[in-house]
Amino acid sequence: SGIGFSENALQLTSLLDELALVEIGKIAGLTLTERAKLDAILKEQELALSDLADTSKAMRFDRARAHYLLARACSLRGRGPIGRPGAGEDRRPDEGRPEDRRPDDRRGGDARRRADVRKEVELANAELAELLRSEPDNVEVRALQARCLLLAPGLAGEQPDAARQQGLQILRELVSAEPA
Numbered sequence: 333s334g335i336g337f338s339e340n341a342l343q344l345t346s347l348l349d350e351l352a353l354v355e356i357g358k359i360a361g362l363t364l365t366e367r368a369k370l371d372a373i374l375k376e377q378e379l380a381l382s383d384l385a386d387t388s389k390a391m392r393f394d395r396a397r398a399h400y401l402l403a404r405a406c407s408l409r410g411r412g413p414i415g416r417p418g419a420g421e422d423r424r425p426d427e428g429r430p431e432d433r434r435p436d437d438r439r440g441g442d443a444r445r446r447a448d449v450r451k452e453v454e455l456a457n458a459e460l461a462e463l464l465r466s467e468p469d470n471v472e473v474r475a476l477q478a479r480c481l482l483l484a485p486g487l488a489g490e491q492p493d494a495a496r497q498q499g500l501q502i503l504r505e506l507v508s509a510e511p512a
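Okay, so the sequence shown: first residue is 333 according to the working numbering, each after it adds one.
Here you go:
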């Protein structure tokens, strides 16, 4: 006899499995799925979840970029074209007609502008820190981090020159890492 007991047991188990599947398949409202199909569905769901994670990262980067752009706009507020002082910049805040004055010409305008820049850069840096935890070598994130450091140095108690040097160092690293 070429078939041993263990092979008979395996054949019997296989037949019982098939019989059970046929009987379960007769139950209304119950759908059977083969394991191979189930594995494919699970892999698809994992892929969808990873796409959600990527979407979340993209949204986080977009928020960081938006905060950077707001900080940049705040830093340019009250300036003429291409960052040159606009009309009235050299005038004392209390001089001139009120209707001619821009909001930043009032007392404290520069301090408010610096506070706005600081707030937006801090928000951008918070988003960037989260992104850099999972992708420390992401070129776009690092470049935006460098721009934030160059825009508003001296945040978080740092010396302004140290933040500027850190931003420049990141840019140098990025440039040297890219092939010419």
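The beta carbon of each residue, even a glycine, is placed where N, CA and C say it ideally should be.
Task: E454 - DSSP class collapsed to helix/strand/coil - done: helix
TODO: Identify whether P468 lies in helix, strand or coil by the three-state DSSP scheme.
DONE: coil
Task: Reference R445; option with closest CA among L408, A341, Q498, L347 - done: L408
TODO: Report yes if the C-beta distance between H399 and L463 is below 7 Å; otherwise report no.
DONE: no
Task: Nearest-angstrom Cβ-Cβ length linking F393 and E452, presumed shorter than 8 Å - done: Actually they do not touch by this definition, with Cβ atoms about 15 Å apart.
TODO: Kindly indicate if chain B contains any beta-carbon less than 7 Å away from that of K375.
DONE: Protein chain content of the structure displayed is limited to a single chain, and chain B is not contained in it.
Task: For A475, the nearest candidate out of P492, N340, A509 (CA to CA) - done: A509
TODO: Write down the C-beta distance between V449 and C406 rounded to the nearest angstrom, noting that I regard them as a contact closer than 8 Å.
DONE: 5 Å
Task: CB contact flag (A403, L483, <7 Å) - done: yes
Open item on the list: Taking the beta carbon of A443 as the centre, do at least 16 other beta carbons fall within 10 Å, making it buried, or is it exposed?
Closed with: exposed
Open item on the list: With H, G and I counted as helix, E and B as strand and the rest as coil, what does DSSP make of A396?
Closed with: helix
TODO: Hey, could you find the ends of the alpha helix (DSSP H) L506 is sitting in?
DONE: 492 to 509
Task: Between the CA atoms of E505 and A478 - distance to the nearest angstrom - done: 11 Å
TODO: Could you tell me the distance, in whole angstroms, from the CA atom of I502 to the CA atom of A495?
DONE: 11 Å
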